[in-house]
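Quick notes on the structure that follows.
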């Protein structure tokens, strides 16, 4: 389990970068294993499980990439609803381009760094914004090519 | 091994399956697609609305308000909502096993044979991600889909372990245990394009010993007064009633009635001239002509204090 200074640093990152306050993480423990930090529902009995050979705990929250913190798409899908800045909302055709590895050339009114990618009704995950460029950080296997057939059909009906 | 028509394949069970002709007839239909809405990441209403906009027709499976049959969808894994974890493709009978266990927020729950995590993630959903679930599976390659599903579905209260279930350490005891054992999986069989079933490569006999050992361990890991659900997706009494009967002979276990209003058949009282404990009638046998899903067996067992 993380000690207070490191936990403060990580939660400070979420507050400063995305406007997600400490309260959003109040019900969770944070654990670090190598360069990945994991989030797990708070429960006093967790220490009693320490005698088991545990393979993993909860879900990945973020990773250290060099000296930078990079949030996982999984975590942003859960905690991104509490964010109020550095959010890029894309139309579905641009999301498709992003997922397929194309950079989206545009200014998004964000500060450079990791951003939350969303479509109108849902948080999708993480991308990297550099001035005028948006680069996917989404897992490569997150969607299939057929996913877009459904999404485009949704868009044609004027609802996406 | 030759492939057989349903009538031939299941002939040994013709006396125990009610309305055997209707049962066989149903096996010529493809398995329906059921979607379980994942309220850990999106509301049922929101997900239903998004699917409706994509032209997907949903029929609610009452009385379960989380599960819908998708009538015009062949590959739910292609949906954006699947990738985002707003829903999960899961057989209706598999959903029932977790619902019958009734895990409560704040409890300690063990899923002894957890991969690929469909039932584990539903239990986390029923517990509102509160309390602790230990999701165990012995095979390293099965931990990969287990981890991926728990991550995608936003499950934050689960610890993954990798023990042979029958040797799980008795160091921590649980309010509830799900033991969905490896089985011959006859309940998943539906006729292919040529009208035959591919024979299972798993014989019932070699599984029965493992199933007994897993059930005994699951029971031993319960706190006094705790509840377990034993389930299989097969019809063989050797993998079902016989295993439960062995538990009743070996431990202070009580089989309880299952309080859900859905069509099913009771557990058998006798098979191949062997009689079983009368309380085994409280087990559920689910056949596809009763509920159009994977054939299933489940029992709700309580540990005496």
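Chains as they are written, first to last, in my numbering: chain Y, 1 to 160; chain E, 1 to 305. Ideal placement from N, C-alpha and C gives every residue a C-beta, glycine not left out.
Tell me the DSSP bridge mates of residue i?
i	result
residue 113 of chain Y	Y:129
residue 290 of chain E	The partner list for residue 290 of chain E (beta bridge, DSSP) is empty, contrary to what the question assumes.
residue 38 of chain Y	Y:31, Y:60
residue 274 of chain E	E:271
residue 36 of chain E	E:67, E:88
residue 4 of chain E	E:197
residue 43 of chain Y	Note: residue 43 of chain Y sits in no beta bridge, so no partner.
residue 76 of chain E	Answer by DSSP bridge pairing: none, since residue 76 of chain E is not bridged.
residue 111 of chain E	E:135, E:178
residue 95 of chain E	None; residue 95 of chain E has no bridge partner.
residue 89 of chain Y	Y:118
Quick check on DSSP: helix, strand or coil for residue i?
i	result
residue 94 of chain Y	helix
residue 255 of chain E	strand
residue 236 of chain E	coil
residue 120 of chain Y	coil
residue 231 of chain E	strand
residue 300 of chain E	strand
residue 280 of chain E	helix
residue 22 of chain E	helix
residue 67 of chain Y	coil
residue 60 of chain E	strand
residue 5 of chain Y	helix
residue 119 of chain E	helix
residue 51 of chain Y	helix
residue 75 of chain Y	helix
residue 242 of chain E	helix
residue 12 of chain Y	helix
residue 221 of chain E	coil
residue 285 of chain E	strand
residue 263 of chain E	coil
residue 134 of chain Y	strand
residue 102 of chain Y	coil
residue 144 of chain Y	coil
residue 226 of chain E	strand
residue 28 of chain E	coil
residue 158 of chain Y	For residue 158 of chain Y, the predicted structure reports a pLDDT of 47, less than 50, and the residue's modelled location is therefore unreliable. A value from the coordinates is still provided. Note: residue 158 of chain Y maps to coil in three-state DSSP.
residue 12 of chain E	helix
residue 19 of chain Y	coil
residue 150 of chain Y	helix
residue 305 of chain E	coil
residue 24 of chain Y	helix
Mind listing the chain E neighbours of residue i? Cutoff is C-beta to C-beta under 8 angstroms, in chain order.
i	result
residue 143 of chain Y	80, 83
residue 146 of chain Y	75, 78
residue 96 of chain Y	Ordered by position in chain E, no residue passes the 8 angstroms Cβ test against residue 96 of chain Y, which lies about 10 angstroms from the chain.
residue 49 of chain Y	132, 134, 159, 172
residue 77 of chain Y	41, 84, 85, 154
residue 121 of chain Y	46, 50
residue 39 of chain Y	156
Strictly below 8 angstroms CB to CB, what residues from chain Y border residue i?
i	result
residue 162 of chain E	53, 55
residue 151 of chain E	59, 60, 74
residue 147 of chain E	56
At a CB-CB cut-off below 9 angstroms, which residues of chain Y make contact with residue i?
i	result
residue 143 of chain E	55, 56
residue 312 of chain E	There is no way to answer for residue 312 of chain E, as the model of chain E reaches only from 1 to 305.
In chain Y, which residues lie less than 7 angstroms from residue i when you measure between Cβ atoms?
i	result
residue 351 of chain E	Nothing can be reported for residue 351 of chain E, as the shown portion of chain E is limited to 1 through 305.
residue 169 of chain E	52
residue 240 of chain E	Going along chain Y, no residue has its Cβ under 7 angstroms from residue 240 of chain E, so there is no contact; the nearest lies around 30 angstroms.
Closer than 9 angstroms by beta-carbon distance: list the chain E residues that pair up with residue i, in chain order.
i	result
residue 28 of chain Y	156
Would you please verify whether the beta carbon of residue i is less than 9 angstroms from any beta carbon of chain A?
i	result
residue 116 of chain Y	Looking at the structure shown, chain A is missing, and the protein chains on hand are Y and E.
The ligand ZN heavy atoms versus the CB of residue i: any closer than 8 angstroms?
i	result
residue 143 of chain E	With respect to small molecules bound, the structure shown includes none, and the ligand ZN cannot be examined in it.
Q: Pick out the complete alpha helix (DSSP H) segments inside the segment 123-201 of chain E, 4 residues or longer, and give them in chain order.
A: 140-152
inquiry  = Can you confirm whether the segment 138-150 of chain E touches the segment 176-190 of chain E when touching is taken to mean that 3 or more C-beta pairs between the two stretches lie within less than 8 angstroms?
reply    = no
Q) When the Cβ atoms of the segment 15-26 of chain E are set against those of the segment 39-47 of chain E, are three or more pairs found closer than 8 angstroms? A) no
- Item | Three or more C-beta pairs below 8 angstroms linking the segment 87-99 of chain Y and the segment 59-70 of chain Y | no
Per the contact definition of three or more C-beta pairs closer than 8 angstroms, is the segment 257-270 of chain E in contact with the segment 140-150 of chain Y? no
Exercise. Contact between the segment 289-304 of chain E and the segment 237-256 of chain E: three or more CB pairs below 8 angstroms?
Worked result: yes
Tell me, please, whether the segment 49-58 of chain E touches the segment 3-18 of chain E by the rule of three or more beta-carbon pairs shorter than 8 angstroms. no
Quick test of the definition: if touching needs 3 or more C-beta pairs under 8 angstroms, does the segment 72-80 of chain Y touch the segment 165-177 of chain E?
no
For the 8 angstroms Cβ check, are there 3 or more pairs between the segment 103-120 of chain E and the segment 62-81 of chain E?
no
Could you tell me whether the segment 155-173 of chain E touches the segment 54-63 of chain E, using the rule of 3 or more Cβ pairs below 8 angstroms?
-> no
Kindly confirm or deny that the segment 226-234 of chain E and the segment 92-106 of chain E touch, where touching means at least three C-beta pairs closer than 8 angstroms.
yes
ask   = Do the segment 122-140 of chain Y and the segment 61-68 of chain E touch if we need at least three Cβ pairs shorter than 8 angstroms?
value = no
Take every Cβ of the segment 109-118 of chain Y, pair it with every Cβ of the segment 44-57 of chain Y, and state whether three or more of those distances are shorter than 8 angstroms. no
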